[in-house]
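Per our numbering, the sequence shown starts with residue -3, numbered consecutively.
Note that beta-carbon positions come from the ideal geometry of N, C-alpha and C, so glycine has one too.
Computed from a prediction, not measured in an experiment: that's the story for all the values here.
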Amino acid sequence: MSPALGVPYGAIADGVIAARAGRILHVGPRAGAPAFAAAEIIDCEGRWITPGLIDCHTHLVHGGDRAHEFELRLEGATYEEIARAGGGILSTVKATRAASEDALFASAGRRLAALTAEGVTTVEIKSGYGLEQEAELKQLRVARRLGRERPVTVRTSFLGAHAVPPEYQGRSGDYAALVAGPMLDAVVAEGLADAVDAFCEGIAFSPEETRQVFEAARARGLAIKLHAEQLSNLHGAALAAEMGALSADHLEYLDEAGVVAMARAGTVAVVLPGAFYFLRETKVPPIDLMRRHGVAIALATDANPGSSPLTSPLLVLNMACTLFRMTPEEALAGLTRNAASALGLQDETGTLEAGKSCDLAIWEIERPAELSYRIGFNPLHTRIWNGQ
Ligand code: DI6
Ligand code: FE
-3 MSPALGVPYG AIADGVIAAR AGRILHVGPR AGAPAFAAAE IIDCEGRWIT PGLIDCHTHL
57 VHGGDRAHEF ELRLEGATYE EIARAGGGIL STVKATRAAS EDALFASAGR RLAALTAEGV
117 TTVEIKSGYG LEQEAELKQL RVARRLGRER PVTVRTSFLG AHAVPPEYQG RSGDYAALVA
177 GPMLDAVVAE GLADAVDAFC EGIAFSPEET RQVFEAARAR GLAIKLHAEQ LSNLHGAALA
237 AEMGALSADH LEYLDEAGVV AMARAGTVAV VLPGAFYFLR ETKVPPIDLM RRHGVAIALA
297 TDANPGSSPL TSPLLVLNMA CTLFRMTPEE ALAGLTRNAA SALGLQDETG TLEAGKSCDL
357 AIWEIERPAE LSYRIGFNPL HTRIWNGQ
């Protein structure tokens, strides 16, 4: 699979990949390939090789679980009602604040192992369950440590503006100012974040508060991303696009003006079928408008305890096709090439091209559509991260 060959998936039949020191040197048909002095040759015996999968939106590091809230929702309570009653995100905040760094590392590590077992080689991890300086830093340190100690590339996003903490109920503006000031400074001082994210929503932060956080991020040289139009349309995606965001994520309630703003700015649409499914949302993100306006569409698990307790990227592929009517080819691009763009890593990974990191997934399949077609079956044969 390499881009721009004008064939489905950019597929190369009987191809070779040469790599050295973790980098791809050459990709192409075996016939006519340059001769490389290879220290090691791996015969994939006709299996398919794709780029390693990229999960570009997760909340992997958190304490506790929300199984009880799941039961309440089955009895009729809505996600927003539970959030407004102090449950929801805030119950995970309590558990995350109480957890030690080692406990968070262990539980997130188990979830990360589920992702890598299905071919993930790059993962984004957000904070957002601390909502006070030390606890946010703790989450981000755990995410960085996962990147150091596990064979996977980790990108981090500071999501201090995920919810208004109990200490600031009714004073979201004061809390947003704290996030955009001292908290962000502390995050930057430790080099803990690659990007800054926020939740722009009635139950979270207004567009004005979001703008304030983004301006602070940009002033400190950090990329921005946004949870936008998940439950209602506050025109957050257009705001994010106009401010140069890498991505706007969720987007069920996105309108055409928002799509146009994203297309103009090259902001990636990250759609999250796990959250759509688990919240039993019925409004589908405007996939066709995104296609028509040429917005790149990425996919992710949104792995989090409240709205998407999902750690299967392969199931994401299936859900994107069954729930959002994406094609298997679009879905795979959503977990590879476009996911890399959503993280600003398009020159680094996400496609099989010379110069990029040698991040590969080797699959025991006959055709790539099998990756999104099967439900609950893992055909991964070998995962190679950074040439290893
Ligand atoms: N939108 C979501 O779906 C997650 N965060 C967000 O901003 C949910 C987080 C949670 O419920 O714990
Ligand atoms: Fe999320």
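- Across the structure, cysteine 52 and alanine 292 are spaced so that their CA atoms are roughly 13 Å apart.
- Taking all protein chains shown into account, phenylalanine 32 has fewer than 16 neighbouring C-beta atoms within 10 Å of its C-beta and is therefore exposed.
- Going by DSSP, lysine 134 is part of the alpha helix (DSSP H) stretching over 129 to 145.
- Sixteen is the threshold: since fewer than 16 other Cβ atoms of the shown chains lie within 10 Å of the Cβ of glutamate 77, the residue is exposed.
- Nearest in C-alpha terms to alanine 104, of all of Tyr273, Glu248, Gly59, Ile361, is Gly59.
- The beta carbon of glycine 302 is closer than 8 Å to those of Arg62, Glu65, Tyr75, Gly84, Ile85, Thr88 in its chain, skipping five residues each way along the sequence.
- Annotation: the continuous alpha helix (DSSP H) that includes isoleucine 85 extends over 85 to 94.
- In the displayed model, arginine 363 falls within coil according to three-state DSSP, outside both helix and strand.
- Sorted by position in the chain, His53, His55, His223, Asp298, Asn300 make up the residues whose C-beta lies under 6 Å from a heavy atom of the ligand FE.
- Taking 9 Å as the cut-off, the Cβ atoms of threonine 149 and threonine 345 count as close.
- Residue burial annotation: valine 116 is buried, with at least 16 other C-beta atoms found within 10 angstroms of its C-beta.
- In this structure alanine 224 does not touch alanine 213 by the C-beta definition: roughly 15 Å separates them, more than the 8 Å allowed.
- A straight line joining the alpha-carbon of valine 23 with that of arginine 333 spans about 16 Å.
- Following the DSSP letters along the chain, one finds isoleucine 78 inside the alpha helix (DSSP H) bounded by residues 75 to 80.
- A straight-line Cα-Cα distance of about 13 Å links glutamate 349 and asparagine 382.
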